[in-house]
Each structure stands twice: as structure tokens, then as C-alpha cells.
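Written below as C-alpha cells is the structure these notes are about.
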Amino acid sequence: MSRFLNPREISSRLQKNNLNYDFIYKKSTESTNADAKIITGKNNLLIVAETQTAGKGRYGRSFYSQTNNGLYFTIKINFFGVSGASGTPRPTINDINFFPIIAAVSVSQAVYSLCNIDLSIKWPNDLLYNKNSGYKKICGILTEASVSSVSSVSSVSSNSAQNISYIIVGIGLNVNNSISDFPDNIKNTASSLKIISNKKYDRAALLCEIVNNFTLLLNINHTQLLAEYKKRLLTDTNISFTHNGEILKGKSVGINENGNLIARLENGEEITIQSGEINFI
Ligand code: BTN
């Protein structure tokens with residue numbers, strides 16, 4: 585298997601699947617999410633880099649991506665006018681939670697169908713695998729959105745909705761990494777598809793399968809999407825999380841119709857977590 589991705593092969597796979605993205609391949613960049621933000625244009629965009637020198641994680645953390653054994657890429661979807669590219673209603677700020685969910689389902693479905701590996705989802709969108717020594721992170725997802733106020737005036741009322749102009753979904757998937765590829769500070773918490781199964785995988789095939797799934801899932805209804813997500817969501821685990829500035833402990837119970845996590849505290853009270861992250865304890 586080649587050391588580098590073949591951009592022509594990726595372009596032709598995208599074309600064969602009618603995946604209409606402007607495609608950019610880079611040997612190295614700081615961050616594909618940062619690149620996607622400054623590239624403007626009408627078309628949807630896919631940027632892939634062999635390595636990133638300043639890969640971004642959630643909450644200002646960094647994401648280690650300085651080896652060409654993983655997949656580091658960003659999908660940018662532009663929403664113009666009142667409808668999305670496919671004529672579906674332009675998403676509003678209320679839809680923002682669904683993009684990380686779409687990404688987590690796209691990756692886990694692709695990994696299952698091409699590698700036969702069943703990843704679990706740690707809410708909202710870390711993909712983990714549990715092999716003897718506890719859960720290890722295989723994939724991280726960072727979603728960013730640009731939001732604009734759009735006023736709609738009807739004969740009876742005037743409304744100002746926060747509409748999404750574009751979303752950027754950055755995915756870092758550890759594919760053919762060996763344990764020696766990871767720096768010491770994440771050696772115990774990270775793993776890769778190769779470490780799990782002792783096999784190497786075709787990164788171009790995985791990338792295009794993920795983009796294909798993502799594109800299809802953008803257009804399914806939220807009920808179907810959440811049903812797919814729930815199949816892999818880790819529940820009934822002991823967690824801690826911050827709520828109104830307080831650190832609370834409880835059990836993750838499931839998600840509601842908006843994709844928010846429901847946690848049950850020791851006293852039986854249920855709390856809905858809309859954003860942020862949870863820790864397993
Ligand atoms: C996380 O685990 O906190 C999210 C990690 C997201 C990493 C990906 S790699 C491709 C894209 N570019 C970035 O700078 N970050 C995302």
C-alpha cells in the first residue's frame with residue numbers, strides 16, 4: 585500500500601459516486617479546518633492533508649496529525665439563499681447539533697463496512713474502540729459553523745432567524761498508525777484501525793466512503809439519523825460533566841430528539857446536556 589494518498593484516485597472515486605466537491609489535496613498544512621475557512625466559493629469543498637502541523641481539536645486542544653498514516657480532512661458545506669445545495673431548507677442554529685452527529689455516523693458506518701470494526705460513539709462525537717485495556721480514541725471530529733441573521737417578513741409577522749451560511753466538519757481518523765506514531769502524552773488513550781485489527785487499510789477508499797455517507801446523511805430526517813447514532817452511542821456509563829459551573833456525576837442514559845445527552849444523577853434527577861463534553865469515570 586502506497587505511503588501517500590493518490591489525489592487522482594480520490595478525484596475519480598468522488599466522480600464515480602457523483603460526489604460534487606471541489607477537492608484539494610495537500611502534503612502538509614497547518615489545519616484543514618483553518619484552510620476551509622478561508623477558501624470561499626459556491627461549491628462544497630473537501631480538503632485532505634497527509635499531515636497537519638497544527639491540527640485543531642475541540643476546546644482549543646491540538647489534534648496530533650503529523651504522520652501520513654491517518655486521514656485528516658475537512659468537508660465544507662455552503663448554504664446559500666434560503667435553501668441548501670440540494671434544495672433542502674437552509675439550516676438554522678437549531679440544526680447545528682446534527683452535523684457532528686452526521687459526521688460520527690458517517691465515519692462509524694464506513695469503518696464498519698470497509699474494515700469490519702465496530703466503533704462506539706462517546707457523546708457527542710468521539711469514536712472509540714474498547715479492546716481489553718479500556719476505550720481508546722480512534723477518531724476526533726471538530727465542527728465549526730458560520731452563522732448569519734436572516735430576516736423573513738411575512739404579512740403577519742417579522743422574524744429574524746440565525747441561519748447557517750456554511751459548516752466545516754474536520755475529521756481526524758487514525759487508520760494505519762502504529763503505536764510509535766503517537767507522542768507519549770496520547771499513547772495510552774489513542775489507537776488506530778491497524779492497531780486494533782493488525783491490518784492496513786486503503787485510506788482513499790475509507791475517505792470516499794465517509795464523504796459518500798456524509799453526503800447521503802445530510803438529507804435524511806433527524807429521526808432516522810438519531811436511530812443510526814443511538815446504535816453506537818455509549819450509554820449506561822458513569823460520567824462526570826460540568827453543568828452551570830458545577831461538576832456533576834451520573835450515568836449517561838441516552839439522547840433526546842435534539843441530539844442532547846441525557847444524564848441521570850445519583851438522586852434520580854435527569855439533566856440534559858446541550859454542549860460541552862463528558863468524561864468517563
Ligand atoms: C477532537 O478530537 O477534539 C477533534 C479533532 C479533529 C481533528 C480534525 S483533523 C482534520 C481537521 N483539521 C483540524 O485542524 N482538525 C480537524
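In this text, residue positions in the sequence shown follow the numbering used here: the first is 585, and each later residue adds one. Ideal Cβ positions, reconstructed from N, Cα and C, are used throughout, including at glycine. If you're wondering where the values come from, they're calculated on a predicted model, not measured in any experiment.
Proximal residues to residue i (C-beta, below 8 Å), its chain only, five neighbours per side dropped
| i | result |
| --- | --- |
| residue 588 | 611, 634, 652 |
| residue 698 | 785, 786, 789, 790, 793 |
| residue 643 | 861 |
| residue 741 | Model confidence at residue 741 stands at a pLDDT of 44, short of 50, so the residue's coordinates are unreliable; what they give is reported in the following sentence. Counting only Cβ-Cβ distances below 8 Å, and skipping sequence neighbours, we find nothing. |
| residue 701 | 695, 713, 777, 780, 781 |
| residue 767 | 648 |
| residue 821 | 835, 836, 864 |
Beta-carbon gap between residue i and residue j smaller than 8 Å
| i | j | result |
| --- | --- | --- |
| residue 758 | residue 776 | yes |
| residue 816 | residue 705 | yes |
| residue 780 | residue 715 | yes |
| residue 831 | residue 838 | no |
| residue 707 | residue 804 | no |
| residue 664 | residue 626 | yes |
| residue 694 | residue 658 | no |
| residue 732 | residue 717 | no |
| residue 801 | residue 810 | no |
Reference residue i; option with closest CA among the options
| i | options | result |
| --- | --- | --- |
| residue 676 | 747, 709, 616 | 747 |
| residue 607 | 726, 768, 618, 594 | 594 |
| residue 754 | 625, 629, 596 | 629 |
| residue 823 | 808, 850, 764 | 850 |
| residue 730 | 803, 661, 601 | 661 |
| residue 770 | 801, 830, 719 | 719 |
| residue 696 | 663, 812, 716 | 812 |
| residue 591 | 806, 632, 620 | 632 |
| residue 773 | 825, 647, 854 | 647 |
| residue 864 | 818, 852, 854, 766 | 818 |
| residue 752 | 598, 600, 618 | 618 |
| residue 871 | 764, 795, 820, 840 | Nothing can be reported for residue 871, as the shown portion of the chain is limited to 585 through 865. |
| residue 844 | 681, 658, 659 | 681 |
| residue 601 | 703, 840, 767, 799 | 799 |
| residue 613 | 623, 624, 637, 763 | 637 |
| residue 842 | 768, 678, 829, 609 | 678 |
| residue 859 | 645, 814, 853, 709 | 709 |
| residue 728 | 616, 856, 853 | 616 |
| residue 826 | 683, 856, 597 | 856 |
| residue 840 | 852, 807, 833 | 807 |
Sequence-distant residues of the same chain with beta carbon closer than 6 Å to residue i, five excluded per side
| i | result |
| --- | --- |
| residue 650 | 635 |
| residue 739 | Confidence at residue 739 is low in this model, with a pLDDT of 43, below 50, so the placement of that residue should be treated as unreliable; the coordinate-derived value is given next. Around residue 739: no qualifying Cβ. |
| residue 604 | none |
| residue 778 | 760, 784 |
Beta carbon proximity, residue i to chain C, threshold 8 Å
| i | result |
| --- | --- |
| residue 646 | The structure shown has no chain C; it contains just one protein chain. |
Cβ shell of residue i (< 7 Å), same chain only, five flanking positions each side left out
| i | result |
| --- | --- |
| residue 756 | 639, 647, 649, 654, 656, 723, 724 |
| residue 763 | 771, 779 |
| residue 623 | 629 |
| residue 765 | 651, 653 |
### Message
Quick check: the region 718-729 against the region 687-694, are at least 3 beta-carbon pairs closer than 8 Å?
### Response
yes
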